[in-house]
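Residue numbers (this note's numbering): 24 to 242.
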């Protein structure tokens with residue numbers, strides 16, 4: 024069985040960063056990539072990713088069959104928003120796991136929300152996405168994007184078996200295209216893929232991450 028490395032793992036935090044200064048770009052301006060507004064924020068952060076991440080997303084999309092497209096849900100996430108998400112879910116885990124140590128709460132929380140200091144979205148190197156038709160109709164991938172482990176009975180895990188055959192096929196379809204374009208998946212979230220961040224560097228054995236945390240848009 025393949026080891027699942029959580030973002031709370033000390034190996035992720037220990038991975039060095041060689042920030043290359045690549046700018047964040049607005050994926051909505053690419054035209055060829057669909058960007059869903061469900062995670063829209065006031066300044067459009069959600070629609071931004073690093074320039075090479077966008078290039079690779081377009082490569083992945085071209086690898087999909089005719090009539091199937093990527094649907095981007097969220098890219099860059101400001102550090103303050105990441106902290107809010109993490110702290111809120113950690114509170115839920117404390118209520119559900121009375122008496123658990125803070126280390127255990129952090130581990131449980133990290134299975135769904137990344138610790139702010141290593142969060143891929145904060146680097147601009149991560150993207151949450153699903154698949155849709157040319158008309159924007161979403162395909163079945165087993166759960167909603169951002170479904171929690173609790174509400175999906177673990178179906179949010181990329182390798183989950185409690186989903187339909189159609190959903191497994193669609194996950195493989197997206198996974199093959201994204202992997203070929205250089206992305207890595209966070210295995211507890213089928214929709215989460217990243218390139219250039221600490222998690223990517225650890226899994227691909229790169230000497231260092233290419234992207235560190237971004238305090239604000241690098242435009």
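Beta carbons: idealized from backbone N, C-alpha and C, even for Gly. Predicted model, so just to flag it, every value in this text is computed and none were measured.
Beta-carbon proximity check, residue i vs residue j, cutoff 8 Å
i           : j           : result
residue 218 : residue 205 : yes
residue 231 : residue 40  : yes
residue 181 : residue 194 : yes
residue 130 : residue 29  : yes
residue 61  : residue 96  : yes
residue 179 : residue 156 : no
residue 58  : residue 105 : no
residue 84  : residue 94  : no
Host beta strand (DSSP E) of residue i (start-end)
i           : result
residue 182 : Element bounds for residue 182: n/a, residue is neither H nor E.
residue 49  : 47 to 49
residue 216 : 215 to 217
residue 170 : First-last for residue 170: undefined, no H or E at that position.
Beta-ladder partner(s) of residue i, from DSSP
i           : result
residue 232 : 40
residue 149 : 217
Limits of the unbroken alpha helix (DSSP H) element including residue i
i           : result
residue 243 : With the chain covering only 24 through 242, there is no way to say anything about residue 243.
residue 196 : 188 to 203
residue 126 : 125 to 133
Worksheet item: What are the start and end residues of each continuous beta strand (DSSP E) run of 3 or more residues lying completely inside the region 62 to 105, in chain order?
Response: 71 to 73 and 91 to 97
Worksheet entry | Meets three-Cβ-pair contact criterion under 8 Å: the region 145 to 155 and the region 205 to 215 | yes
Fill in: Three CB pairs or more closer than 8 Å across the region 64 to 81 and the region 107 to 125
no
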